[in-house]
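First the structure, in the form of structure tokens, and then the observations on it.
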Amino acid sequence: MQNNFSKILLSIIFIFFTSSLFALDVNLLTHYRNNGIEDIQKELDKKLTDENYWNTYLKNIDTSFGYFESFTNILACDKSQSRLAVYKKDTNNTYQLKQEYSAYTGKMKGDKLREGDLKTPVGVYNIVKKITKVDSFYGPMAFVTSYPNSYDKYRGKTGQGIWIHGLPIKQERDEFTKGCIAINNKSIECLDRNIDIKKTILIIDENIVKKNTVSKATYSEVLSNLFAWRYSWIYNDINNYLSFYAPEFKRFDGMNLDRFKKYKTRIFQKNEKKTIIFKDINVIPYPDTNNIFKIVFKEKYKSNSFSFTGNKVLIVRLEDNKFNIITEK
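Using the working numbering, read the sequence shown as starting at 2 and increasing by one per residue.
In structure tokens, the structure reads:
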């Protein structure tokens, strides 16, 4: 396995130095000549923390609603206008409006705070699953959302069962819901035909979900911070690693910053060699905020004492060119 990794890394190095962007990086090549693959890997990891790399990388990428590596469908719900819009990534990798449906949302205005408040939540959610065996009140099917997400739980929100569903088949209904998003039955069948729920993100806002509210330079800041956090993690820089956490940080399981610092310090003191890979990265500006982002990605972590492969979620606040992690899962 180590031999395969070396071959892959050497291939990356070849591409790296034959590209026009990095062909003149003599210092990096000298590091490799004198110190081998591990040294060059560290230099490459460091370059991923550079905003200039991300500015170049993002130049021709559509960041209208966020930076997405794994979502091809965006559902955007405007509560004020009772609309649900569907955007799909086209062959040019840009998100185009494909459908727009009239929708019913919660009876009460404002963001959902507690169970039974009759409000539709404001936030960013996954579609967890589709249910076809539902009560006829919900039409032919329902899509279950991930409310409450980790940020909702961090802020103490309660409730559950927020769906996108159809309309009653056998009875009348009010022109509002208890917190779900309801569209007519032909529309939900159309939606079902046109989205892959594993590649779909739902953004709910009080007003229209606006495009291009965040500059590409800001996304570069967030992504360079993400890989700077990763860099300090890989190379056991505990002080820099912990500097990315907000004073009010609380992990998904309730662990506060003081306990988290002690826990991570014990792990870092092992000084283990680690492999940490991030892929399928998505960065979404959180609705109704100015500087909060939801970062979702797949993480592969391996050390001598522990390994993990799975989904990771960070909620971060960007201030003065650095992000602070508020909560993580």
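Every residue gets a Cβ at the ideal spot worked out from N, C-alpha and C, and that includes glycine.
Here the structure is a predicted model, which is why all the values come from computation and not from measurement.
Item                                                                                                                   : Value
Helix, strand or coil at Asp112 according to DSSP, with G and I counted as helix                                       : coil
Local conformation of Thr328 per DSSP, three classes                                                                   : strand
Gln100, DSSP secondary structure in three states                                                                       : strand
Cβ neighbours of Ile293 in the same chain (closer than 6 Å, five flanking residues each side left out)                 : Tyr287 and Arg318
DSSP beta-bridge partners of Thr310                                                                                    : Lys301
Member of Thr121, Tyr126 and Asn213 whose CA lies at the smallest distance from the CA of Thr178                       : Thr121
Length of the line joining the Cα atoms of Glu173 and Asn185                                                           : 12 Å
Which residues DSSP lists as bridging Leu85, in chain order                                                            : Cys78 and Tyr102
Ala104 versus Ala183 - alpha carbon distance                                                                           : 5 Å
Distance between Gln161 and Pro149 (C-alpha atoms, nearest Å)                                                          : 6 Å
Sufficient close CB pairs (3 or more, under 8 Å) joining the segment 206-214 to the segment 150-158                    : no
Pairwise C-alpha distance: Tyr264 and Phe253                                                                           : 15 Å
Nearest residue (CA-CA) to Asn94, options Asn35, Asp63 and Glu190                                                      : Asp63
Rounded separation between Leu25 and Thr31 - CA only                                                                   : Caution is warranted here: a pLDDT of 46 is assigned to Leu25, below 50, making its placement in the model unreliable, and no coordinate value can be reported.
Three-state class that DSSP yields for Thr266 in the structure shown                                                   : helix
Under 8 Å between C-beta atoms of Ser244 and Glu273                                                                    : no
Sub-8 Å separation of Ser71 and Asp281 beta-carbons                                                                    : yes
Residues of its chain near Gln97, where Cβ-Cβ distance is below 7 Å and the 5 sequence neighbours each way are ignored : Tyr88, Lys89 and Asp91
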